[in-house]
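**Q**
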Amino acid sequence: MLLIAGLGNPGQDYAKNRHNIGFMAVDEIARRWGFQPARSRFRSFASEGAIDTPQGPVRTLILKPQTFYNLSGECVADLLGYFKIPPSRLIVVHDELDIEAGRLLIKQGGGDAGNRGVRSIAEALNSTDFIRVRIGIGRPADPRDNKEDDNEANKDYLLRPMTSAERQTFESSLDRAASAVEALAELGLERAMNRYNQRG
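Using my numbering, the first residue of the sequence shown is number 129, and each one after it goes up by one.
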């Protein structure tokens, strides 16, 4: 079984924020493959289904933590333990400030680059041996974000609702992220990285 965790914050106040790109991407996966309706499990919304591959269907659990972004590891660890899924079968889909908007990178292990949701998962599992699909959102360029405190500027940028035009810009990123997860299920890490870590 694969566990795919999209990172975001619960509630309508956060639904259209950049920080919820992970939620949006896993929603696209569930839509493509006709997953079961989500239900509340271990402080998350979880939905079961399968991703079809030439080798056969890959049983998959999609997870949207409801603990707030920075505490995502709490319910991810609970569900991995309940289903006896090793960290290497976990795919975390999340936004990434340090990757330009429109670009996507797949990686396994390594540092969290300041992403507190990823850090929470690594600490809860005592392992970084999970796969990350990192969706680039870029750093703020809006004059409203020219503040002395970079952390405050980044927080405002992440949590400000996107405009309709901005959401359209990210639609292709969501589609690409869903396809990257499918490639991971079908091809494995190395071949999926070779395909999706290229520019363009």
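Just so it is clear, CB atoms sit at the ideal spot from N, CA and C, and this is done for glycine as well.
Decide if ASP226 is buried, meaning its Cβ has at least 16 other Cβ atoms within 10 Å, or exposed.
**A** So ASP226 ends up on the exposed side.
**Q** Taking Cβ to Cβ, would you say VAL221 is nearer than 8 Å to VAL261?
**A** For VAL221 and VAL261, yes; Cβs fall inside 8 Å.
**Q** By Cβ distance below 6 Å, which residues in the same chain neighbour SER175 in space, the five residues on each side in sequence not counted?
**A** Excluding positions up to five away in sequence, the list reads ALA158, PHE163, GLN164, ALA166, ILE190.
**Q** Indicate whether GLY80 and LEU232 have their beta-carbon atoms separated by less than 8 Å.
**A** Limits of the chain in this structure are 129 at one end and 328 at the other, which puts residue 80 out of reach.
**Q** Would you tell me roughly how many angstroms separate the C-alpha atoms of GLU276 and ASN282, rounded to the nearest one?
**A** Residue placement at GLU276 is poorly supported in this model, since its pLDDT is 49, which falls under 50; the coordinates are not used for a value here.
**Q** DSSP on ARG187, reduced to helix/strand/coil?
**A** Of the three classes helix, strand and coil, the one that applies to ARG187 here is strand, per DSSP.
**Q** Could you spell out the range, first to last residue, of the beta strand (DSSP E) harbouring ARG260?
**A** Looking at the DSSP string, the run of the beta strand (DSSP E) that includes ARG260 is 259–264.
**Q** What's the gap between the Cα of ILE132 and the Cα of GLY242?
**A** Their Cα atoms are separated by approximately 21 Å.
**Q** My assumption, with CB atoms under 8 Å, is that PHE170 sits in contact with CYS203. Please give the rounded CB distance.
**A** Going by Cβ atoms, the distance from PHE170 to CYS203 rounds to 5 Å, so yes, they are a contact pair.
**Q** In its own chain, which residues sit with a C-beta less than 7 Å from the C-beta of ASP141, not counting the 5 before and 5 after it?
**A** Excluding residues within five positions, none has a Cβ falling inside 7 Å.
**Q** List the residues that DSSP assigns as beta-bridge partners of PHE173.
**A** Looking at the DSSP assignment, PHE173 forms a beta bridge with SER168, LYS192.
**Q** Could you check whether LEU130 and ARG217 sit closer than 8 Å to each other, using their CB atoms as the reference points?
**A** In contact: ARG217 and LEU130 (Cβ atoms closer than 8 Å).
**Q** With which residues is PRO289 paired in a DSSP beta bridge?
**A** For PRO289, which the question treats as bridged, DSSP gives the partners ASN145.
**Q** If I'm right that PRO215 touches LEU208 with Cβ under 8 Å, what's the distance once you round it to whole angstroms?
**A** Yes, PRO215 and LEU208 are in contact; Cβ-Cβ is about 7 Å, under 8 Å.
**Q** When the Cα atoms are used, what is the spatial distance from MET321 to ALA311?
**A** If I take the Cα positions, the gap works out to 9 Å.
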